[in-house]
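Chemist: Counting from 18, one number per residue, gives the positions in the sequence shown under my numbering.
One structure is given below, represented as structure tokens, and several questions about it will come after.
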Amino acid sequence: MRQPSFCYREVSSSRKWWRTVLENGVGMCGGCVEKEYPNRGNICLENGSFLLNFTGCAVCSKRDFMLITNKSFKEEDGEEIVTYDHLCKNCHHVIARHEYTFSIMDEFQEYTMLCLLCGKAEDTISILPDDPRQMTLLF
């Protein structure tokens, strides 16, 4: 799974402190989430938002639904990459950038997700009727 590159900047607005994280040039806000990059196990979201981790917008202090913008779909070397931004519905503050990937490696489908809000996750599923990893040897 690709690891994010970070640059931190502390900002004060309305007597509330939050941290803005720049990942690949896109601003994200650590003050809007309960936990940054929570471990989601094997739950990889291609779309949507993990609202249980959203504490409210650090800019306008409202806890409402989010907008999904700048959605893009790329296919590179057999890997599908979906990216989009989570924005505050009220003030359009960028909360997080979401990245989801899908690829087929040998006999397995591989999924990954990386997002400040939704978390990080990986999953591998066999494309065969019987998963070779779960087969037991019979003697």
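Note that CB positions come from ideal geometry on N, CA and C, so glycine has one too.
Rounded to a whole number of angstroms, what is the C-alpha to C-alpha distance between N41 and L131?
Modeler: Only weak support is given to the placement of N41: the predicted model assigns it a pLDDT of 47, under 50, and the value that follows is read from those uncertain coordinates. Taking the straight line joining both Cα atoms gives about 13 Å.
Chemist: Going by C-alpha to C-alpha distance, which of K52, K106, L145 sits closest to S78?
Modeler: The shortest C-alpha separation from S78 is found at K106.
Chemist: Determine the direct distance from the alpha carbon of T118 to that of A138, and round the result to whole angstroms.
Modeler: Whole-angstrom Cα-Cα distance: 11 Å.
Chemist: Quick one: Cα of A113 to Cα of I142, how far?
Modeler: Approximately 27 Å between the Cα atoms of the pair.
Chemist: At which residues does the beta strand (DSSP E) containing S89 begin and terminate?
Modeler: Where S89 is concerned, the enclosing beta strand (DSSP E) stretches over 83-93.
Chemist: My guess is that T100 and E116 are in contact by the Cβ rule of under 8 Å, so how many angstroms apart are they, rounded?
Modeler: The pair is a contact, with the Cβ atoms about 5 Å apart (cut-off 8 Å).
Chemist: Quick one: give me the first and last residue of the beta strand (DSSP E) that G136 is part of.
Modeler: Its beta strand (DSSP E) spans residues 136-143.
Chemist: What residue range does the beta strand (DSSP E) around S120 cover?
Modeler: S120 -> beta strand (DSSP E) spans 111-122.
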